[in-house]
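All residue numbers for the sequence shown refer to the UniProt record's numbering, where the first residue is 1 and numbers rise by one. Report on the following structure.
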Amino acid sequence: MPKACSSSSARPALRRNQACLACRKRKLKCDASRPHCGTCVKQWQALISVPPPVGYAHPPEPQCSYDPIEGLAIAPDVDPTEKIRILEEQICTSANHSTLIGLFLSKSLSPTQKPAQPNTPADLGLRVPTGALSSARVHMSSGSPDSQGRSFSGSPDLSAASQPPSMAEMDMLLNGWDVDLPRRDVLNHYVDVYFRCDPCSTHVLHRPSFLASLDLHPRDPSFPHSAILHAICASASRWVSNDTVTLPDGTRQDKFAERHVRKTREYIDKTMATGQDIFQVLQACLLLSWYFYQEGRWVEVWIFAGFQARVAVPLRLNYPGTFSAQSSNAPGGYLPPPRDFRDLEARRRTWWMTVMFDRIVSMGGWVHSIDQRDIGTEFPVRLIDFEADSGIASNPQDLASKEVFIRHPPEYTDSFLLFLKSVMLFGMVTDYNTRSSLRAPAPPSKNQNPFHMHGFQELDKLVCLDFLDSFPQAFRHMGLTGDAGVLDTDLYMARIAPHAAAITLHNPYINFSDPSSVSTARCVTATREILRACYKLSETSLETTRLHPFVTIVWYLAAVVQIQLCKYFIEIGDVARESTVWGEINALRFAMLTYGSRSPIGTRQEKLLQGLMTEIVRMTSQPQPLEVGVPLYPFSHASAFSKEATSQDLVCAPLPGAQSFEVPSSMVPPMMPTLPTHSAAADNWARHAVMSPSLAHATATNMHQHPTALSVSSYPRGY
């Protein structure tokens, strides 16, 4: 007689992969009960019935788990890939997906909307998978740049940027648009503002092709690298962002800018590890470095200056033609030969902007990251030829060319090239001062005749006389007469930077007690020229905020000389001339402060200057020396120089190359008779101060806002 069927055999057979993972692994029978099958429960009960060993704890529940797709019947005739595709299509068309996209749009279309509250989908970093576009990410962030309004008085309006994105733009968002960037129309606005307003790094990029590439698909190889776009957004923020807070120490806090700074640095860190897109990221690093410079963030400025210099050298950008066939096939090593004229010139400009940045940040007396003798790259061509993609032959001049600082071929000369040469000339002064003091037994003395030092006379003649005298006739003005009221900031800086270099070269040897001191005459004359340029600019309606931030260093150096001159007048009791010099010092201070209203470096340089003024403020008989000659507009005295701004807790910084204001009683040896002197007696160069542009001129003139420059804690010993 046959056996009766057991109850276990009467149970329906499980589908494939329906049993729990533990039973399948051990090949045990499983009833597929949820949350724990019977077999796993029995094993767990047997386990916990025995005390655990020392240091071991029994699991609190049976270790029973099932496949991730719960309750899904996977028939053998169903292709898993096809099933996944069907599920992704369902997600794309679901109401939940529509809700998320609507939320993203509502954030994008509200430029003044506050960031989303915590615990909302916008804060959760949601990722929405799609079928053909499964790699696209829709990342909702409460702090996305799109959610912030961007407007500034006098800046282009963003009303055009507040229009709803088209369906094509939404498709591009889902097809690879970097969601950390603003919408396309807003991004185009930032790029436009950047090219029109930023005075530093716009020479690196080929503007026509860059603007055209913004209209390409985000996945197009010619679309600008995201690192460059993030750096541009950070740089343009000072012109269009109203979400800015300036702290008492001059630091500017802008959440929008910091967000894009952080993203740019992420790309830089990635490139440091992988070498991917190294040239584009180097350009982004340059743009970000100038942003740090204008912000006065000196630690980052110095680190980035060294980093990009070390990156550019292995790329062989310092070679003629920015390429060297030697070792060019090293794995992961160097750039291939330039593709065309535009690529070649972009490499040249990237290199020279790297060198220029290195020279400017090293003017505090630091050794340069790149030695001038190791630079073989030709100077760039004119900006008009670069943007026109003219294909003109390479510039015949480089740093090894004969008389490179006094010969300027017309077809290869424009304002930027003159400014570049002036910065390189300033770098020669820095090299001379640094190398002269490196092994000197004692610091420079005011009793010392510098013209007896090797190479000093030739450098003095080049810096103080020959370079500016060699400017072509078309570039002998200050850059204040441009077409349509546009300030030529490069030419303006090219005209005044050599005067700052002259002050740096001669300041350690200033001796107001010596009537024949050439160094004193050089510094006073250079200061007069810097003040004259400052006054001429204030006469115009041009926006001085468009000036290069290095201008604040030039103003600072001129003010350093005036402080020494003011102390001398206080000591000899010349009250009238002292009052005049006080007005000129305050004119330079006010220029720094108005520049600092846009860029923190101006405010920081003014505070540094106050540290130098501590002694003369204490010695003077003027009732209110810090308000002599201060313009009434656009700020009142109360807001221009508040009590907090003139507090005595500022750290006093040393003068360039000098330890104190003390004037030695002994006279220096007579200067070389072949060198021209601008004065024969102390009374002569002192009279220059009275004959300089009137202080009433500075008082009645409305000084406009100035861009910021590198804030150095003590010049020239570094920041």
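Cβ coordinates follow ideal geometry from the N, Cα and C atoms, glycine included.
| Asked | Found |
| --- | --- |
| Less than 8 Å between the CB atoms is what I'm expecting for R546 and L487, so what's the real figure, rounded? | 5 Å |
| Nearest CA to the CA of G583: which residue from E615, E543, V554 and L531? | L531 |
| With a threshold of 16 other CB atoms inside 10 Å of the CB of P145, please say whether the residue is buried or exposed. | Here P145 scores only 36 on pLDDT, less than 50, and its place in the model should not be relied on; the value that follows carries that caveat. It is buried - the Cβ of P145 has at least 16 other Cβ atoms within 10 Å. |
| Just reading off the alpha helix (DSSP H) that D358 is part of, what are its end residues? | F341 to V361 |
| May I ask which residues mark the beginning and end of the beta strand (DSSP E) holding Q253? | R252 to D254 |
| How far does the alpha helix (DSSP H) with A284 in it extend, from its first residue to its last? | I278 to E295 |
| DSSP beta-bridge partners for T244? | D254 |
| Mind the definition here: the stretch 437-448 touches the stretch 462-472 only if three or more C-beta pairs lie below 8 Å; say whether that holds. | no |
| How big is the Cα-Cα spacing for F379 and P515? | 42 Å |
| Check each candidate in P221, R259, I232 and H230 and name the one with the smallest Cα separation from T244. | R259 |
| Just to confirm the assignment, what range does the alpha helix (DSSP H) spanning E387 have? | L383 to E387 |
| Relative to the alpha-carbon of H499, which residue among A212, D431 and C523 has its alpha-carbon at the smallest distance? | C523 |
| Thinking M363 and I553 are a contact (beta carbons under 8 Å), I'd like their distance in whole angstroms, please. | 7 Å |
| Smallest Cα separation from E403: which of H58, P221 and L462? | L462 |
| DSSP state of K446, grouped into three classes? | coil |
| Does the beta-carbon distance from A533 to Y492 come in below 9 Å? | yes |
| Find out if the Cβ-Cβ distance for the pair S320, G376 is shorter than 9 Å. | As written in the sequence, residue 320 is Pro, which differs from the Ser given in the question. Yes. Within cutoff. |
| What's the C-alpha gap between H408 and L317? | 23 Å |
| Starting from Y556, trace the alpha helix (DSSP H) in both directions and tell me its first and last residue. | V551 to I572 |
| Of all the options V575, H217, S237 and I228, which has the alpha carbon lying nearest to the alpha carbon of R207? | I228 |
| Report the start-end ranges of each beta strand (DSSP E) in the stretch 398-478 that is 3 residues or longer and not cut off at the edges. | none |
| Would you mind reading off the limits of the alpha helix (DSSP H) that contains S519? | V518 to S538 |
| Rounded to whole angstroms, what is the Cα-Cα separation between L438 and Y432? | 10 Å |
| What residue from F386, L383, D385 and W352 has the CA that sits closest to I370's CA? | W352 |
| If you draw a straight line from the C-alpha of L47 to the C-alpha of V54, how long is it? | 15 Å |
| Just to confirm, are S289 and F195 a CB contact at a threshold of 9 Å? | no |
| How long is the line joining the alpha carbons of P314 and T354, rounded to whole angstroms? | 14 Å |
| If we ignore side chains and look at the alpha-carbon of each, how far apart do L14 and P52 end up? | 35 Å |
| Label K263 either buried or exposed according to how many other C-beta atoms from any shown protein chain fall within 10 Å of its C-beta, with 16 as the threshold for buried. | buried |
| Taking the continuous alpha helix (DSSP H) assigned at K607, which residues delimit it? | P600 to L612 |
| Measure the alpha-carbon distance for A521 versus Q624 and round it to whole angstroms. | 29 Å |
| In terms of residues, what are the limits of the alpha helix (DSSP H) holding residue 747? | This structure cannot speak to residue 747, because the chain is shown only from 1 to 719. |
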